[in-house]
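Number 72 marks the last residue of the sequence shown (UniProt numbering); no jumps.
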Amino acid sequence: MLWTMNDYPQTWKHLDELERKKAIDIANAMLKDGYKEGDAIPIATKQAEKWYKDASKEELEELKHKHITQHQ
1 MLWTMNDYPQ TWKHLDELER KKAIDIANAM LKDGYKEGDA IPIATKQAEK WYKDASKEEL
61 EELKHKHITQ HQ
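As C-alpha cells, this is what we get:
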C-alpha cells in the first residue's frame with residue numbers, strides 16, 4: 001500500500017505536516033524496495049524526524065511544493 005497525505009499510518013498523526021510528508025515519501029520508497037509496512041514505518045519515522053530537525057528553510061520550502069513520489 002502506498003501512502004498519501006490523506007491516507008497514512010496513525011502513528012504519523014503527531015508529526016508536523018512537512019515531517020509527515022517526508023515520512024510518506026521515505027516509506028513509499030522503502031515499500032517499493034521490498035520492505036514490509038511494519039518495518040518501513042518506524043524507519044521512515046526516524047529518518048523523517050531527523051531530516052525535519054536538520055533541514056534548511058530552503059529544503060522545507062522545496063518539500064512543501066513537492067508532489068510525493070509515487071514509487072511504483
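C-beta: ideal position from N, C-alpha, C; glycine also.
Proximity below 7 Å, CB of Ile-26 to CB of Tyr-8: no
Assigned secondary structure, Asn-6 (DSSP; H/G/I helix, E/B strand, else coil): coil
Euclidean distance between Cα positions of Lys-57 and His-65: 13 Å
Coarse secondary structure for His-65, derived from DSSP in three states: helix
Tyr-52, DSSP secondary structure in three states: Reduced to three states, the DSSP call for Tyr-52 is helix.
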